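Numbering (the working numbering), first residue to last: 898 to 1173.
Report on the following structure.
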């Protein structure tokens, strides 16, 4: 069921599907809540899936000020969405940008997070110089999006090395992802990059050593950058397990959907069964 919620001065589109333990699903950059629709049939049997279009994406508002997109603002938005839906505690699954947000939410709202699944996610950059360099790159990319439009950006975005393995996707799967990307607004993508890019988010590396939320880290074996990064994360996190999915790159949920669906389902369902 689609809901349009007024949240801290902006309108969010939120899909709410199923009944059971609340599960917040957060998509990546250029995505929307529609990314997770293929998993609803299985997950809704045990979970109440709460799936927003993140700010600047999908059918959610796209404010022009990048400051409205910061991690602090986004975490506050998600907390209010849960309040409006009368959800006090939730498990969270996030992909890429959504994974960074999921981690930020879990760190800031520890008492509200039961379990965490991070797919191709990052705790940010280590140093201020790395952050500054990335901010400049994201600002340049945002300018390109505004000047060239979404279609031109998507064509270039699909060609970056991070997504090389997606060229093997079935035609229908690739086409569906492209439709979701092309449905974005250039203003929303640009503001999201500038306000919520990896260079702008806080670095969470030091916080991982005291982070006690049970966490499943998922990466694809063909995505060496994020697999190595997540291996380092797992070494610092006492309650984390890292699973590397065979024959997948940065998007295991697209490249190995059945295995990803079952892996996340089993991890999240295990906590429910232990509680009953």
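Beta carbons: idealized from backbone N, C-alpha and C, even for Gly.
Since the structure is predicted, the reported quantities are computational estimates derived from the model, not experimental observations.
It is roughly 11 Å from the alpha-carbon of residue 1108 to the alpha-carbon of residue 1013.
In this structure, the straight-line span from the alpha carbon of residue 1043 to that of residue 1084 is close to 7 Å. Between the alpha carbons of residue 1004 and residue 1052 lies a distance of about 35 Å. Residue 1090 and residue 994 have their alpha carbons spaced roughly 10 Å apart.
Close CB contacts of residue 1081 within its chain, under the 7 Å cut and outside five residues either way in sequence, are with 927, 954, 1047 (chain order). Cα atoms of residue 1143 and residue 1105: separation of roughly 26 Å, rounded to the nearest angstrom. With respect to the 8 Å criterion, residue 1166 and residue 943 are classified as neighbours on the basis of their beta carbons. Rounded to the nearest whole angstrom, the CA to CA distance from residue 1068 to residue 1008 is 42 Å. Annotation: the continuous beta strand (DSSP E) that includes residue 945 extends over 944–949. Here residue 910 is near residue 949, since their CB atoms are less than 8 Å apart. Assigned with DSSP and collapsed to three states, residue 957 falls in coil, not helix or strand. Scanning 907, 916, 904, 906 for the CA closest to the CA of residue 898 turns up 916.
Around the beta-carbon of residue 1058, fewer than 16 other beta-carbon atoms lie within 10 Å, marking it exposed.
Annotation for residue 983: no beta strand (DSSP E) segment contains it, and DSSP assigns it neither H nor E.
Between the C-alpha atoms of residue 951 and residue 960 there is a straight-line separation of about 12 Å. Our two residues, residue 1015 and residue 1002, have alpha carbons roughly 12 Å apart in a direct line. Between residue 1137 and residue 1145, the gap from beta carbon to beta carbon reaches 8 Å or more.
Note that the C-beta distance between residue 1100 and residue 1045 is not below 8 Å. One Cα belongs to residue 1127, the other to residue 1092, and the distance between them is close to 24 Å.
It is roughly 8 Å from the alpha-carbon of residue 1062 to the alpha-carbon of residue 1152. The Cβ-Cβ distance between residue 1095 and residue 1019 falls below 8 Å.
Burial check for residue 1024: the Cβ neighbour count within 10 Å stays below 16, so the residue is exposed. Selection 1028, 1148, 962, 1112 evaluated against residue 1135 yields 1112 as nearest (Cα-Cα).
In the DSSP assignment, residue 1070 falls within the unbroken alpha helix (DSSP H) covering 1068–1079. DSSP places residue 1099 outside both helix and strand once states are collapsed to three, so it counts as coil. Shown here for residue 1149: same chain residues with a beta carbon closer than 8 Å to its own, the five before and five after excluded, namely 1016, 1017, 1115, 1116, 1117, 1142, 1156, 1157 in chain order. When DSSP assignments are scanned along the stretch 1096–1169, the uninterrupted stretches of alpha helix (DSSP H) that are 4 or more residues long and fall wholly within it turn out to be 1121–1133, 1149–1152.
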